[in-house]
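Structure, as C-alpha cells:
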Amino acid sequence: MLVLGRAQVEALLDMDALIDALASAMTDLSVGRASSPDRVAALVPERDGFLAAMPGFVPSAGVLMSKLVSVFPHNGGTPVPTHQALIVVFDPHTGEPAALLDGTAITAARTAAGSALSARLLAREDASVLAVLGTGAQARSHAEAMCRVRPIRHIRVAGRDRAKAAALADALSADLQIPAEATASYAEALDGAEIAAATTHAVDPVIRRSWLTPGVHVTSVGFNPDGREIDDATVAEALVCVESRQAALAPFPAGSNDLLLPLRDGVITEAHVHAELGELLAGSKPGRSARDQITLYKSVGVAVQDAAAAALVVAAARERSAGTNIRLE
C-alpha cells in the first residue's frame, strides 16, 4: 500500500488538473455512472463534532475510495484544523487496498476546485473582483482557485476577526501578486464583488441579497448544522446549482441548511434547484441567461470529488516514485 502524507499530497496535487478532473467526475455523477452514496456520520455531541464516511467510485478516473473526515469546529483558532481526513484508495478491479492518503489537503483543494468549476460555468467571463468570506484554509484555497478560472484583479477578505482577515489578505497579495485587502464587514466585501466565495462556519447568513451586486456569482461551501451562510432572498432570486440534488437536499449530515430551511418554510420548492454541475457540463441544463442574473453554487461536498483528487495524487506519486510503500500482511 502506498502511503502519502499531507506535504506530499500538497506537492503532488495540481489545481488546474483537479478542476478539469472534477468536470469529468461531476458529469459521471449526474448521468448516473458514478456511485456516491450520502455521507453518514458518528456524532460527538460534547464537542459539536462528528466523524463522517464518504465512499465513492468514479469510472472516468478509474478510482474506488472512501474518505473519513472529522469536523470539530472548536478547533478553530488552534493549530489543529477543524476538518481532518484520511482517504483509502482501493483497486477498482479487485477491491484490494492500494493507497492511504492524507485527506485534509485534498478536502481543501477539491472543495475550492469545485467552486472554481462552478465559476467557470456560471460567473461572467469578465468577473474581476472577488470577495472571500472567511479566513481559514478554505478561504485561502478558494482565492487561489478562482484566480485560475477568471481574470481576478482585486480580492477583498472579510471575517469575524479583522486581524485574521488582514493577515490572509497580505498573504494572498504576496502569493498571487494581486491586490487584496481586508474589509470591516461582509457587506463591504460584497459591495461590487462579481464573485463571492463564502467559506465560513456561520450561524447567521454572511450572504444577504441586499449586499449583492447584480450579476454576481456566489459560491457557498460553509457547513454549520445550527446555521446557514445564505439568506432566503438570495436563494429565492438566484439561479441555484449544486453538485447533487440528492446530496444537497438530504437531511444532516449530507444536506445543506441553506436549501433545506427555505424549502421547509415554503420559500422555494425542490424544483428551484436548477441544475447539477454535471448537467451544465453535459449541456442538458442551461447556465447563466443574463448578465445581471445572480447565480449560486451551493456545495455540500460529494465523494466523487475526493475520488477524482485522490486519483490524480496517486498517479502523480507513482510517476515520481513519491511516498512510502508498506505491506499490510
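Following my numbering, the numbering of the sequence shown begins with 1224 at its first residue and continues without gaps. All residues carry an ideal CB built from backbone N, CA and C; glycine is no exception.
{"Asked": "Among 1231, 1476, 1482 and 1298, which has the Cα closest to the Cα of residue 1460?", "Found": "1482"}
{"Asked": "Here's the rule I'm using: 16 or more other beta-carbon atoms within 10 Å means buried, otherwise exposed. How should residue 1524 be labelled?", "Found": "buried"}
{"Asked": "Determine the extent of the alpha helix (DSSP H) in which residue 1329 is found, giving its start and end residues.", "Found": "1327–1345"}
{"Asked": "Out of 1391, 1358, 1401 and 1361, which has the shortest C-alpha to C-alpha gap to residue 1373?", "Found": "1401"}
{"Asked": "Can you look up residue 1462 in the DSSP assignment and give me helix, strand or coil?", "Found": "strand"}
{"Asked": "Would you say the segment 1239–1254 touches the segment 1493–1509, given that touching needs at least three Cβ pairs under 8 Å?", "Found": "yes"}
{"Asked": "I'd like the span of the alpha helix (DSSP H) that includes residue 1542, first residue to last.", "Found": "1526–1543"}
{"Asked": "With a Cβ-Cβ cutoff of 8 Å, do residue 1278 and residue 1289 count as a contact?", "Found": "yes"}
{"Asked": "Can you tell which of 1382, 1377, 1339 and 1340 has its C-alpha closest to the C-alpha of residue 1357?", "Found": "1382"}
{"Asked": "So that I know if they touch, is there some Cβ in chain C lying closer than 8 Å to that of residue 1542?", "Found": "Looking for chain C here will not work: only one protein chain is present."}
{"Asked": "Rounded to the nearest angstrom, what separates residue 1297 and residue 1332 at their Cα positions?", "Found": "22 Å"}
{"Asked": "Roughly how many whole angstroms lie between the Cα atoms of residue 1280 and residue 1516?", "Found": "35 Å"}
{"Asked": "Assign residue 1417 to buried or exposed, taking buried as 16 or more other Cβ atoms, counted over all protein chains shown, within 10 Å of its Cβ.", "Found": "buried"}
{"Asked": "Closest to residue 1198 by CA distance: which of 1352, 1241 and 1275 is it?", "Found": "Because the chain spans 1224 through 1552 in this model, residue 1198 falls outside it and cannot be assessed."}
{"Asked": "Any idea if residue 1433 is buried or exposed, counting beta-carbon neighbours within 10 angstroms, 16 or more meaning buried?", "Found": "exposed"}
{"Asked": "So what's residue 1242 in DSSP terms, helix, strand or just coil?", "Found": "helix"}
{"Asked": "Using CA atoms only, rank isn't needed, just tell me which of 1351, 1359 and 1486 is closest to residue 1328.", "Found": "1359"}
{"Asked": "For a minimum of 3 consecutive residues, which ranges assigned as the beta strand (DSSP E) are wholly contained in the segment 1405–1471?", "Found": "1418–1421, 1440–1443 and 1462–1465"}
{"Asked": "CB-CB under 8 Å to residue 1237, same chain, minus the five flanking residues each way: which ones, in chain order?", "Found": "1535 and 1539"}
{"Asked": "What span of residues does the beta strand (DSSP E) with residue 1501 cover, start to end?", "Found": "Not the beta strand (DSSP E): residue 1501 falls in the alpha helix (DSSP H), residues 1500–1505."}
{"Asked": "Taking only the alpha-carbon atoms, compute the straight-line gap between residue 1513 and residue 1344 and give it to the nearest angstrom.", "Found": "13 Å"}
{"Asked": "Under 8 Å Cβ to Cβ from residue 1480, same chain only, skipping five residues before and after it: list those, please.", "Found": "1447, 1448, 1450 and 1451"}
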